[in-house]
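Novice: In the working numbering, the protein residues as written are 20 to 181.
Ideal placement from N, C-alpha and C gives every residue a C-beta, glycine not left out.
Everything numeric in this text was worked out from a predicted model, so none of it was measured.
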Amino acid sequence: MATEVQQTLRDLLARHQSQFDWETEFSVAATPVDVGGRHAETTVIVELEWRRADPADNTAKLFRHLHEGTLDAETVLVVQLFTERYDLQNGGVSSKRKNAEFVGRRAADSDPRVHYEAVDLAIDPPKRGGELPDDWKQSVASAAESVTELIDRQAGTRGSDE
20 MATEVQQTLR DLLARHQSQF DWETEFSVAA TPVDVGGRHA ETTVIVELEW RRADPADNTA
80 KLFRHLHEGT LDAETVLVVQ LFTERYDLQN GGVSSKRKNA EFVGRRAADS DPRVHYEAVD
140 LAIDPPKRGG ELPDDWKQSV ASAAESVTEL IDRQAGTRGS DE
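#1: Among residues of its own chain, excluding the 5 on either side of ALA126, which ones have a beta-carbon nearer than 6 Å to its beta-carbon?
#2: Short of 7 Å in beta carbon distance, which residues of its chain neighbour LEU169, apart from the five on each side in sequence? Order them along the chain.
#3: Using CA atoms only, rank isn't needed, just tell me which of THR22, LEU32 and ASN118 is closest to GLU44.
#4: Please give me, in chain order, every unbroken run of the alpha helix (DSSP H) with length at least 4 that falls completely inside the stretch 58-117.
#5: Keeping to the same chain, check which residues put their C-beta closer than 7 Å to that of GLN157; ignore five residues upstream and five downstream.
#6: How many angstroms separate the CA atom of VAL47 from the CA atom of HIS86?
#7: Since I believe VAL52 is in contact with ASP66 (beta carbons under 8 Å), could you give me their beta-carbon distance rounded to a whole number of angstroms?
#8: Can you list, in chain order, the residues of its chain with a C-beta nearer than 8 Å to that of VAL138? Leave out the 5 residues immediately preceding and following it.
#9: Per DSSP, TRP155 is paired with what?
#10: To the nearest angstrom, how far is the alpha carbon of ARG70 from that of ASN109?
#11: Can the beta-carbon of VAL54 be found closer than 8 Å to that of LEU28?
#12: Helix, strand or coil for SER161, going by three-state DSSP, please let me know.
#13: Going by alpha carbons, who is nearest to VAL159 out of LEU140, GLU150, GLN173 and GLY149?
#14: Out of HIS134, ALA59, PRO74 and GLU150, point me to the one whose CA is closest to ASN118's CA.
#15: Check the C-beta distance from ARG132 over to THR94 and give it rounded, since I have them as a contact under 8 Å.
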């Protein structure tokens, strides 16, 4: 299920930001990231937080690799997509998401090349053996548009959809 979401997100980003080379399981050091793209001196990393118990660990690991210089890019945009798994029933988001965002913002503040953003992915991820909701493709398309807007804002680029 998550693989299908990754591939759909990659395909949509490739359509919106065609100047980037997009791939799933994008490698940052020895760590695979869900979707990544490169164009000139810009790298975009999109990490999908599906049902992870500790998403801040993903954030810390990515930024550790970036700090160690494993990406040769002038600009790096790190986007963490959070499913509804991290939403609270009474509104707001879980402390697990807050912690991940805190780590991401602080780590990005320490390196002027790196930008961090958290984006909602309006999917309640099914447990193993379950099925994706009927509107999952629409939710991924909305998240892809949000990522596209962030790329436009951070990297100052625009793909073939204009």
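Specialist: Per the coordinate set shown:
#1: If you number the sequence shown from 1, residue 126 lands on position 107. The answer, listed in chain order, is PHE82.
#2: Within the sequence shown, the letter at position 150 stands for residue 169. Excluding sequence neighbours, LEU169 sits near LEU96, VAL98 and GLU136.
#3: The sequence position of residue 44 within the sequence shown is 25, counting from 1. It is THR22 whose Cα lies nearest to the Cα of GLU44.
#4: At a cut-off of 4 residues, the continuous stretches assigned as alpha helix (DSSP H) that sit fully inside the stretch 58-117 are 74-86.
#5: For the purposes of this step, residue 157 is identified with residue 138 of the sequence shown, where counting begins at 1. Excluding the 5 residues flanking it on each side, GLN157 has no same chain C-beta neighbour closer than 7 Å.
#6: Taking the first residue of the sequence shown as 1, we reach residue 47 at position 28. Taking the first residue of the sequence shown as 1, we reach residue 86 at position 67. Roughly 11 Å separates the two Cα atoms.
#7: Translated into positions along the sequence shown, residue 66 becomes position 47. Translated into positions along the sequence shown, residue 52 becomes position 33. The sequence given here places Glu at residue 66; Asp does not occur at that position. The beta-carbon separation of GLU66 and VAL52, rounded to 6 Å, stays under the 8 Å limit for a contact.
#8: Here residue 138 is taken as the residue at index 119 of the sequence shown, counted from 1. Listed in chain order, the non-local C-beta contacts of VAL138 below 8 Å within the same chain comprise VAL98, GLN99, LEU100, PHE101, ALA162, SER165, VAL166 and LEU169, local neighbours out to five positions each way being set aside.
#9: Position 136 of the sequence shown, counted from the first residue, corresponds to residue 155. Under DSSP, TRP155 shares a beta bridge with no residue.
#10: On the sequence shown, position 51 is the one that residue 70 refers to. On the sequence shown, position 90 is the one that residue 109 refers to. Spanning the alpha carbons of ARG70 and ASN109 requires a straight line of approximately 19 Å.
#11: The residue you call residue 54 lines up with position 35 of the sequence shown. The residue you call residue 28 lines up with position 9 of the sequence shown. Yes, the pair counts as a contact, with Cβ atoms nearer than the cut-off.
#12: Counting from 1 along the sequence shown, the entry for residue 161 is found at position 142. If DSSP states are grouped into helix, strand and coil, SER161 belongs with the helices.
#13: Taking the sequence shown and counting its residues from 1, one reaches residue 159 at position 140. Of the residues LEU140, GLU150, GLN173 and GLY149, the one whose Cα lies closest to the Cα of VAL159 is LEU140.
#14: As a first step, residue 118 is located in the sequence shown; it is residue number 99 there, counting from the start. Put simply, of HIS134, ALA59, PRO74 and GLU150 the residue whose alpha carbon is nearest the alpha carbon of ASN118 is PRO74.
#15: Here residue 132 corresponds to residue number 113 of the sequence shown, with the count starting at 1. Here residue 94 corresponds to residue number 75 of the sequence shown, with the count starting at 1. Going by Cβ atoms, the distance from ARG132 to THR94 rounds to 6 Å, so yes, they are a contact pair.
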